[in-house]
Structure formats: C-alpha cells, structure tokens
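Order-wise, the sequence lines are chains A and B. Just add 136 to wherever you are in the first sequence, counting from 1, and you've got our numbering. Just add 136 to wherever you are in the second sequence, counting from 1, and you've got our numbering. Everything on this sheet refers to the single structure shown next.
Protein chains: 2
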Amino acid sequence: MWTGIIDAYRAYLPVTDATPVVSLREGNTPLIEAPRLADKIAPGVRLYLKVEGAHPTGSFKDRGMTLAISKAKEAGATTVICASTGNTSASAAAYAAAGGMQAYVLIPEGNIALGKLAQAMAYGATVLQVRGNFDAALTLVRQLTERYPVTLVNSINPYRLEGQKTAAFEICDQLGRAPDYHCLPVGNAGNISAYWQGFGEYHKLGKCTAPKMMGFQAAGAAPMVHGAPVLSPETIATAIRIGNPANWGLAQTAVDESKGGIYAVSDDEIAKAYRMVATLTGVFCEPASAAGVAGVRQLSENGVLKRGDCVVCTLTGNGLKDADFAIRTAAKPVTVPAQLEAVLSVLKF
Amino acid sequence: MWTGIIDAYRAYLPVTDATPVVSLREGNTPLIEAPRLADKIAPGVRLYLKVEGAHPTGSFKDRGMTLAISKAKEAGATTVICASTGNTSASAAAYAAAGGMQAYVLIPEGNIALGKLAQAMAYGATVLQVRGNFDAALTLVRQLTERYPVTLVNSINPYRLEGQKTAAFEICDQLGRAPDYHCLPVGNAGNISAYWQGFGEYHKLGKCTAPKMMGFQAAGAAPMVHGAPVLSPETIATAIRIGNPANWGLAQTAVDESKGGIYAVSDDEIAKAYRMVATLTGVFCEPASAAGVAGVRQLSENGVLKRGDCVVCTLTGNGLKDADFAIRTAAKPVTVPAQLEAVLSVLKF
C-alpha cells in the first residue's frame, strides 16, 4: 500500500526517523498516456499526462504540504498559517487537520469566490478576510510568523519545494526514464523549480537524463515571458494569475540549465486545451492545468517537438476545483418532452 | 505503477485478454486509520476510512464504470447512456471519453443543480433534460437500449457491481484481513451488495473472514429500515436520497448472511459526522459519505461495537462534488482591518 511521498522518497527528503509523518497518501498520481490527444495537438509525439489533480485535496500542493506540516509538527508547532485564496489554503487546512493542528488562512477582502475556500472551511481552518490586497495579507502572515509560535506554510517555506520535487522522481520511476520535454503551467514558478530540482537529483544519481523544462504562462499574466512583472495580471486560469512570481529566479535557472523556455499561451488556447483534455482522455483538470497542454500544441506547431519525442504534461489541479468554469464553457443541456421520438431527434443512432 | 482494478483483479472479473481495458487508474484508494475520529465517536475501536472520493471522477462509481465501459467497448458499442443527476453520469462520461465513445446522459427536468452535472458536461457527454421525473428518464433509457445500439451503464448493468466488489478485495489486501464490521451509506443499495460479493469471494478462497455488513440510510430516505418504499425521500445527503433501492434484495441478503443490519441516521447526525471527518482526519467527503461514520457513532453508543473491534467505513465520494454544502455549514470568514492587532484579536497565540 502506498503511504505517501515521505515514506516513498525518504532518502531524498530532509526527514529523520524522529519526523512525525503527516500524510493523506499524497503522491503516486497517475501517469496516463494520451494518444488521441496527441493525435490532435502534436501528431507523432508520445504524450503523457501526470494527473496531479488526483491528490487528496485535488492539487499538486499536497506534495509539499505533507513535508511542510510534518516538519512543523516535528518542531513542535500547533498552528500553521498561510495567505492564499486557493489550492494552498485547501492543502494547508487538510494537512493541519490530519496532523491535529490549527490552520489559519488570511485572504484579501473582496472578489473572493467562497467556492475556492470551501475546502479550507470544511477542514476547519479559521479564515480571516483582511481589508487589503493579497500583499497586505502576506505581509501580515510574515509578521505573525516572526513574532508568534505559528509556522508559515506559503511556498516561501523551503519544505514545500522539497516535497514537490518528488513529482519528478515519480515520473522517472513510472516511465522508466525522464521525458525529452516536460511541460507545465507557470504561476508563482515554484513547481517548475521543484521539478528541475527533482530531475537534477535523479540525474546526478544516474537514474535519468535531464528533460527540457518548458513552462507556460497565460498571455495576460506572463511576466517571465516579458521579462518584467505584470501589475494587473488577468487570465481565466486563476491558479496562475500571478504578476510577479516568488520563484522567478529559480525557474529561470531551471529553464536555462535545461535548455528549455517559458512561453505564453492565450486564454482561448487554454480553454480549448482544457476541453480537449477532458473529452479526449477523460481527465478533468483545472483551467490553469491546461496551459501546459496548450503549450504542447504550440511547440508542435512551431516545429520544436519532433515525431517520437517523449513529452510529459503536468496537470496541476482537479477540474472540480472550478466546476463553474466547466458549466460556463460546455454545451448546455437540451430539453425535450419525455417521448422516445423527441429524444431520438437529438440523439443520433 | 497501479494501472487500475481490471489489471489488479483480473482473475476475479469477467474479462479476457480480448477485453480492451478502458481505465483512468481507478482503485487502490487510500485506507486511512483515524484514531482521533475514533476517540470522539467510538473510543477503543480501530477505525479505518476507505477514501473512495480519491477516484478519478471523485466517487466509487469509477470501479464499476471501468468494467462496464470496457465490456461495452469489447462488444463493439460506440455510445453509452445512463439516467443520472450525479456521480454515475460523471463516471460514465469520463470513461466514455477515455474509451473514445460518446456518452448520453438523461436527466429529469427541473431542480437539477448544474453543479452536479459539471463533470459530465466537461467530459463532453450530451446531456438531455426530459420533461418528466427520474423514472421517466430511466424508462426512456431502457427503451433506447432495447432498440438501438447503445449500451446502458446505469447500475442495472451487471458489470457495475462486479467492478465495485474490488473495493472489498482492496480493503483485505491493504489491511491484511477483513474488518469485523464494514459500515457504509445505503442509497440504491448496489455498493453494499457489491462489497458483500467481494468479501464472499475472498472468504471462499480463505483470504479473509466475513465482516458484518452495516448499512446506513438517511432517516428521511430509509425504505430498508421501514420495510417499505419511501415515496418522497428527503435528506441533505443527496447521493442516497432514494426511496426504492434497485438492489434492495441483494442488499438484504448481504445483511442477513453477514449478520449485519440496515439502520437510519438523521440528517443532523450526518452533518456532524461530515464535519468531524474533515476536521479530525483531513479527508473531505460528500455529505452522503458521512452516513457510515454517523453509523459508527450510533453502533458505539448502542454498545454494538466493543473495544478492539476493527471497523472500516467507506467514504463514497469527494466533498468537492458538493462544495456548496461545505460553505453553507462551515463558519464564515471574519473580516478585519489589515493591522496586526486586529488580526491578533481573532487569532489566539
């Protein structure tokens, strides 16, 4: 039985026998070959999807959170805190609950869909809305963790990226090799940095080659493509709507060292990719997750990808996190009388 | 790498080498020990949660659907159909997409929250609303499948229960034994029947003992407790709001043969259990899923469960399926000025 990424990759993580492992059985997510999707967007490419939405709280954040919370517990913390309106708060609240700790979540006031906070609220986190923007919330979180016995679990907590790197290990273990190209969405840029660290560690041990790291930002939130922060980032892919990535430097190193790149994909391309993933593979991902898939199409059309190339796309989150987007973008139900002929007029056999 | 329940339990399933396996890597869901939850609801009991919401589409339905869709594909079907407003339609649509088939979903008109259909719509199913109730929709589905080359994948499809029985195998394999008691929600009564079949098959092979099967219906939708169908079933646990279970006979046999029982739990008890599971274990389940946990508490308070008993509770679905319920029932966020003192007045350190 799989018992989580700390048990599975203990030798690669900063834990000892004294570390109390707080796990919800994160990791070991499916790696699914997607030949019909490849036929449509990158013919001849061997395309695999790493389904990170299969995690306990529905996103890749659980990989880092199991480590951050376990280490917090080891250090004696009883409370953890983060500023987040989305996947981080869900993961922090879940692992805090699993570890018998209290989670505090600070969010900026206004325009926050409660749906994004449903998980954190369900797991029993205390959610505090502060009259200010996200930066004001994060500043308060930093001040609190400097002065009081509460552990910060935003991605500036170094254990977060350490845990996230295990996704790279898993891909190599599942595939028996590293891909030629690894494609993924880039928001705060922590994940691409963590993957590169993971591939690098396996590479040093002779366990895999080094893939080219290909990151994709939404066109309206593409600071790394433009080479400058974006003041008012805008995109349907809310999970990567970030104008000034915290891990910009690390991500740039990943791209430079791997001879990869950071590119922009439009919201329209993201929405199309999102729909194609669901209808051609049966995997329902978050809009932001589809940025990497839109990227594969772009790389194929630009002639970067060649026939026979092995490409892995990370789908970072579960589509159920943003069910409204699915409803808004899918075909609406048709209503007919409860008669066989009426039904047959719509369904073609 | 886990490749799904058909590969894992091939010897126990009606498949051959000629069966094309359509899988999204269902099965192998976490079995998590929950000592802090047990302390609160059933002190002294060894309590485990089987987290079926970890499935690709977020519910246990995926176990049966992989088999139903694979067998449909083997028989040459290119379209499948079901009448469902919830988890069945999501699962059918996902596996149809994975298998390159078209899914049709018939739903009754009126009062259907589109949120429940977000997944089916995202996966590209054609959703048809018929002017009539659920029975009218199911009747049309039956008529269509009798006359046209389209495969019915509602639970009257026998492959559905065959696939679902693998959950019992997994529990025995993960635990190294069968539990003394197996507790789970009962709606259409297919799942309890499938589990009993699974435990029975393993028992015959000497691989486990036979647990007592304990089913729990919502008090407002408890036909098997009353011994008569309920005309207008009502409960917050929508996934088990069923007044006349399709698998009543099979479920009664499961309970009789295992010396178990079917009991009622109130909506209030379900809501309390739902909250306790999330806050004490970090597992976010559907309201209906918590019926079995509410049942454990009842069995403990009634003296049925003894210290040292081993109990497994199946949590049938993912809480993200009904995020609105979480928001309605959780504490609301508190708003404060963006000042340290204001934050500290709410968060106690």
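Glycine is no exception: its CB is placed at the ideal position from the N, C-alpha and C atoms.
Quick check on Met350 of chain A - is its C-beta less than 7 Å from some C-beta in chain B? What you label residue 350 of chain A is simply residue 214 of the first sequence in a count that begins at 1. Not an interface residue.
Given a cut-off of 7 Å, decide if Pro359 of chain B and Gly385 of chain B are closer than it, judged by their beta-carbon atoms. In the second sequence, the residue the question calls residue 385 of chain B occupies position 249. In the second sequence, the residue the question calls residue 359 of chain B occupies position 223. No, Cβ-Cβ distance for Gly385 of chain B and Pro359 of chain B is not below 7 Å.
Whole angstroms are fine: how far does the CA of Glu245 of chain A sit from the CA of Tyr148 of chain B? As a position in the second sequence, residue 148 of chain B is number 12, starting the count at 1. As a position in the first sequence, residue 245 of chain A is number 109, starting the count at 1. Distance between the alpha carbons of Tyr148 of chain B and Glu245 of chain A: 55 Å.
Residue nearest to Ala467 of chain A in terms of C-alpha spacing, selected from B:Pro156, B:Leu264, B:Thr452 and B:Ala364: Taking the first residue of the first sequence as position 1, residue 467 of chain A is located at position 331. When each option's Cα is compared against that of Ala467 of chain A, the closest is B:Leu264.
Contact between the region 298-307 of chain B and the region 268-282 of chain B is defined here as three or more beta-carbon pairs at a separation below 8 Å; is this criterion met? no
Under 9 Å (Cβ pairs) to chain B, residues found in the region 325-344 of chain A: none
If I'm right that Ile205 of chain A touches Thr281 of chain A with Cβ under 8 Å, what's the distance once you round it to whole angstroms? Walking along the first sequence from the start, residue 205 of chain A turns up at place 69. Walking along the first sequence from the start, residue 281 of chain A turns up at place 145. Actually they are not in contact, since the Cβ atoms of Ile205 of chain A and Thr281 of chain A sit about 14 Å apart, beyond 8 Å.
Taking the alpha-carbon positions, what's the Gly235 of chain A to Cys319 of chain B distance? Against the first sequence, residue 235 of chain A aligns to sequence position 99. Against the second sequence, residue 319 of chain B aligns to sequence position 183. If you take the alpha carbons of Gly235 of chain A and Cys319 of chain B, they lie about 25 Å apart.
Beta-carbon separation of Gly323 of chain B and Ile398 of chain B under 7 Å? By 1-based counting over the second sequence, the position of residue 323 of chain B is 187. By 1-based counting over the second sequence, the position of residue 398 of chain B is 262. Contact flag unset, no.
Examine the Cβ distances between the region 155-167 of chain B and the region 189-201 of chain B and report whether three or more of them are shorter than 8 Å. Pairwise C-beta distances place the region 155-167 of chain B in contact with the region 189-201 of chain B, as three or more of them are shorter than 8 Å.
Residues from the region 216-231 of chain B in contact with chain A, defined by Cβ distance under 9 Å: Ile217, Ala226, Ala229, Ala230 and Tyr231
With distance defined between alpha-carbon atoms, name the residue in B:Ala459, B:Thr165 and B:Thr262 nearest to Asp309 of chain B. Residue 309 of chain B sits at position 173 when you count from the first residue of the second sequence. Closest option to Asp309 of chain B, Cα to Cα, is B:Thr165.
Which residues mark the beginning and the end of the beta strand (DSSP E) in which Lys301 of chain B is found? Walking along the second sequence from the start, residue 301 of chain B turns up at place 165. First-last for Lys301 of chain B: undefined, no H or E at that position.
Taking beta-carbon pairs under 9 Å, can you tell me which members of the region 190-220 of chain B lie near chain A? Ala190, His191, Pro192, Thr193, Gly194, Thr215 and Ile217
Could you spell out the range, first to last residue, of the beta strand (DSSP E) harbouring Gly326 of chain A? Numbered from 1 along the first sequence, position 190 holds the residue referred to as residue 326 of chain A. Element bounds for Gly326 of chain A: not the beta strand (DSSP E) but the alpha helix (DSSP H), Gly326 to Lys340.
Residue of A:Met137, A:Lys176 and A:Val277 minimising C-alpha distance to Val413 of chain A: Residue numbering aside, residue 413 of chain A sits at position 277 when the first sequence is read from its first letter. Ranking A:Met137, A:Lys176 and A:Val277 by Cα distance to Val413 of chain A puts A:Lys176 first.
From the DSSP secondary-structure annotation, give me the bridge partner or partners of Asn454 of chain A. Along the first sequence, read from residue 1 onward, the residue named residue 454 of chain A stands at position 318. According to DSSP, Asn454 of chain A bridges with A:Cys421.
Cβ contact (3+ pairs, closer than 8 Å) linking the region 224-241 of chain B and the region 274-291 of chain B: yes
Which first and last residues belong to the alpha helix (DSSP H) in which Val440 of chain B is found? Working through the second sequence from its first residue, we reach residue 440 of chain B at position 304. Run containing Val440 of chain B: none; DSSP gives neither H nor E here.
Opposite Tyr317 of chain A in the DSSP bridges: which residues? Counting from 1 along the first sequence, the entry for residue 317 of chain A is found at position 181. DSSP lists A:Lys348 and A:Val447 as partners of Tyr317 of chain A.
Quick one: does Thr415 of chain B have its CB under 7 Å from some CB of chain A? By one-based count along the second sequence, residue 415 of chain B stands at place 279. So yes, Thr415 of chain B belongs to the interface.
Rounded to whole angstroms, what's the CA-CA distance from Thr415 of chain B to Ala232 of chain A? Just pull it up for me. Stepping through the second sequence from its first residue, residue 415 of chain B is reached at position 279. Stepping through the first sequence from its first residue, residue 232 of chain A is reached at position 96. So the two alpha carbons sit approximately 9 Å from each other.
With H, G and I counted as helix, E and B as strand and the rest as coil, what does DSSP make of Gln255 of chain B? By 1-based counting over the second sequence, the position of residue 255 of chain B is 119. It is helical.
Measuring CB atoms only, is the region 343-360 of chain B touching the region 206-213 of chain B, in the sense that at least three cross pairs come out at less than 8 Å? The answer is no - the region 206-213 of chain B does not touch the region 343-360 of chain B, with fewer than three Cβ pairs under 8 Å.
Can the beta-carbon of Ser425 of chain B be found less than 7 Å from the beta-carbon of Leu451 of chain B? Counting from 1 along the second sequence, the entry for residue 425 of chain B is found at position 289. Counting from 1 along the second sequence, the entry for residue 451 of chain B is found at position 315. In contact: Ser425 of chain B and Leu451 of chain B (Cβ atoms closer than 7 Å).
Between Ala478 of chain A and the rest of its own chain, which residues show a CB-CB distance below 7 Å, the 5 nearest in sequence each way excluded? What you label residue 478 of chain A is simply residue 342 of the first sequence in a count that begins at 1. So the qualifying residues of the chain are Val472.
Using three-state DSSP, classify Ser368 of chain A as helix, strand or coil. As a position in the first sequence, residue 368 of chain A is number 232, starting the count at 1. In this structure, Ser368 of chain A counts as coil in the three-state DSSP scheme.
Using DSSP with H/G/I as helix, E/B as strand and the rest coil, what is Pro171 of chain B? Numbered from 1 along the second sequence, position 35 holds the residue referred to as residue 171 of chain B. In this structure, Pro171 of chain B counts as helix in the three-state DSSP scheme.
Per DSSP, what are the beta-bridge partners of Tyr184 of chain B in this structure? Sequence index remark: in the second sequence, residue 184 of chain B carries index 48 (1-based). According to DSSP, which records beta bridges pairwise, Tyr184 of chain B is partnered with B:Glu169 and B:Val448.
Counting C-beta neighbours from all protein chains within 10 Å, is the total for Asn438 of chain B 16 or more, i.e. buried, or is it exposed? Position 302 of the second sequence, counting from 1, holds the residue named residue 438 of chain B. Flag for Asn438 of chain B reads exposed.
Hey, could you find the ends of the beta strand (DSSP E) Leu264 of chain B is sitting in? On the second sequence, residue 264 of chain B is found 128 positions in, with the first residue counted as 1. Membership of Leu264 of chain B in the beta strand (DSSP E) is indicated by the continuous run Thr262 to Arg267.
Express the C-alpha separation of Phe196 of chain B and Ser394 of chain B in angstroms, rounding to a whole number. Counted from its first residue, the second sequence places residue 394 of chain B at position 258. Counted from its first residue, the second sequence places residue 196 of chain B at position 60. Phe196 of chain B has its alpha-carbon roughly 22 Å from the corresponding atom of Ser394 of chain B.
When the Cα of Phe485 of chain A is compared with those of B:Val482, B:Gln238, B:Thr152 and B:Tyr145, which residue comes out closest? Position 349 of the first sequence, counted from the first residue, corresponds to residue 485 of chain A. Considering only alpha carbons, the answer is B:Gln238.
If contact means a Cβ-Cβ distance below 8 Å, which residues of the region 450-461 of chain B contact chain A? Along the region 450-461 of chain B, going in chain order, the ones with a CB nearer than 8 Å to a CB of chain A are Asn454, Gly455, Leu456, Lys457, Ala459 and Asp460.
Classify Gly397 of chain B as helix, strand or coil using the three-state DSSP reduction. On the second sequence, position 261 is the one that residue 397 of chain B refers to. Three-state DSSP puts Gly397 of chain B in a strand.
Measuring alpha carbon to alpha carbon, tell me which residue in A:Arg433, A:Arg278 and A:Ile243 is nearest Val448 of chain A. Within the first sequence, residue 448 of chain A is the residue found at index 312, counting from 1. It is A:Arg433 whose Cα lies nearest to the Cα of Val448 of chain A.
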